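Undergrad: Take the sequence shown: its letters are residues 1 to 414, numbered as in our numbering.
Each residue gets a CB set at the ideal place from its N, CA and C atoms; glycine is no exception.
Computed from a predicted structure; not experimentally measured.
One structure, as structure tokens, below. Some questions next.
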Amino acid sequence: MSESGEGRASVIIVSRGRPDELRRNLPAFRLQTHRNFELILVADPAGLEAARALNLSHRMKLVEFDEANISQARNLGLAEAAAPLVAFIDDDATPEPPWLSRLLVPFDAPEVNASTGFVRGRNGISFQWQGVATDETGADIALDVNESETTLLPSARCVKTHGTNCAFRRESLARIGGFDPAFRFFLDETDVTHRLAPTGGKTAIVPLAQVHHGFAANATRRANRAPTDLAPIGRSAALFLRRHCPEDRRDPALAALRKGQKERLALHRAERRLTAEDEPALLASLEAGISEGLSAPLSDPPSFGPSQSPFLPFPEGPGPTRHELRGCTFFGYRKALARARADAASGDTVITLLRLSRTTRFHASRFDPAGLWIQRGGLFGRSERTDPVFRFWRRTARLAREGARIACFRSPES
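Quick look at the structure:
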């Protein structure tokens, strides 16, 4: 396989209660440079209707599922996957055009069983997740990886395959039973990583296989990321410790979980996303979840057989071949946006429209469902975290700088 996209893949998206996110992000898959994949959507009725409304349902495998269990939903998608490689992405995540192509390249090496990429956060620029391993308590261990090169690590290192940006050999994942439905939410992909570890092989971290993760509201958090229920976290943490952690380390790990969640709530209070009155009920839900997880049945999920569903190619046409950065002023934005949307309809060019105001505003980037990316910010404002809060730029120099920064992860030619 190469970045030209010869290998077949199945991309699985799980969605529940978030049709707006699907309407925003599904069009981005039309721009994937990898053109040999099928798209499987496991969703509630509202999510399936969103796909139909976009006139995409005839090119997708649709599976109806309306329960709060992301592991079970992913397994339903895995059962439909007809390709030898399977990738997972969330409904509130937007893939960059070379995402799938780059995520799959490491599987050219037969010893690679899994891969994962970098995740940009809500503003579309700052990184939300870059690369960590996990220990037997499920805690993250920071990894020092080169941001421009793929890193291969033994699967025994338990590299965290982030659920919104990861891929596996279907055979390897099916052999261990896919995702364990006991993990309804939280630590579901970490449990997979630890169950894959004894099988050998390697995991690839691919920094330039990038998605933008919006972190939308769900059943356990608000849109501002403040939690509404900690029971699923407590339950999954207790289950994970029972499965993977030596008994003498479990109580300290649970104590660390309680401390970490209290600190998390304190941060949300400081940002006025929660009040002091919210905390007792949330901590009580954490304890209820822990109690449930310590007593819930725990068994190895059964293995999967081959899919009986035929491969259903999603992409139409050859896909984009180049990236074009267009600059516009604050006042010329509407006309430039209309022109960019019209040009994006052809699908052969990935367009980024950069709207610069003569301010120091920080930059943010988002995907427009018409098929382009829009970045807004001040001519003198920062885009990367390492930039100064103010820096004098001439317009042409700033356009060149942003174009070079973006091209490495967005351009089909890079």
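1) Pull up the distance between the alpha-carbon of Phe314 and that of Pro369, whole angstroms please.
2) Does DSSP classify Gly5 as helix, strand or coil?
3) From what residue to what residue does the alpha helix (DSSP H) around Ile233 run?
4) Check the DSSP bridge columns for Cys328 and list the partner residues they point to.
5) Using 10 angstroms around the beta-carbon of His34, count the other beta-carbons present and answer buried if the total reaches 16, otherwise exposed.
6) Taking Cβ positions, are Gly289 and Ile233 nearer each other than 8 Å?
7) Return helix, strand or coil for Leu267, following the three-state DSSP convention.
8) Output yes or no for whether 8 Å exceeds the beta carbon distance between Ile295 and Leu230.
9) When the Cα atoms are used, what is the spatial distance from Pro198 to Ser172?
10) Rounded C-beta distance between Ala253 and Cys245? I'm assuming under 8 Å.
11) For Ile125, report the span of its beta strand (DSSP E) as first-last.
12) Enumerate, from N- to C-terminal direction, the unbroken beta strand (DSSP E) stretches of 3 or more residues contained entirely within the region 91 to 150.
13) Between Leu152 and the rest of its own chain, which residues show a CB-CB distance below 6 Å, the 5 nearest in sequence each way excluded?
14) Rounded to the nearest angstrom, what separates Gly47 and Arg366 at their Cα positions?
15) Looking only at its own chain, which residues have a Cβ that is under 6 Å from the Cβ of Gly5, when we skip the five neighbours before and after it?
16) Please classify Phe409: does DSSP put it in a helix, a strand, or coil?
17) Does the Cβ-Cβ distance between Ala9 and Ala68 come in under 8 Å?
18) How big is the Cα-Cα spacing for Pro154 and Gly200?
19) Mind checking Asn165: buried by the 16 CB within 10 Å criterion, or exposed?
20) Which residues mark the beginning and the end of the beta strand (DSSP E) in which Ala43 is found?
21) Rounded to the nearest angstrom, what separates Gly381 and Gly138 at their Cα positions?
22) Closest to Ile406 by C-alpha separation, out of Phe185, Ala43, Ser148, would be which residue?
23) With H, G and I counted as helix, E and B as strand and the rest as coil, what does DSSP make of Gln72?
TA: A quick look at the data gives this:
1) 17 Å
2) Legend: pLDDT at Gly5 = 35, less than 50; position of this residue unreliable, value from coordinates given subsequently. Reduced to three states, the DSSP call for Gly5 is coil.
3) 231 to 244
4) Arg355
5) buried
6) yes
7) helix
8) For the sequence presented, residue 295 should be read as Ser rather than Ile. No. Outside cutoff.
9) 12 Å
10) 6 Å
11) Counting along the chain, Ile125 falls outside any beta strand (DSSP E), and DSSP gives it neither H nor E.
12) 93 to 95, 112 to 120, 127 to 129, 132 to 134, 140 to 142
13) Lys202, Ala204
14) 21 Å
15) At Gly5 the pLDDT is 35, less than 50, meaning the model places this residue with poor confidence; the figure from the coordinates comes in the next sentence. Cβ neighbours of Gly5 beyond the five flanking positions: His34, Arg35, Asn36, Ser101.
16) helix
17) no
18) 7 Å
19) buried
20) 37 to 43
21) 38 Å
22) Ser148
23) helix
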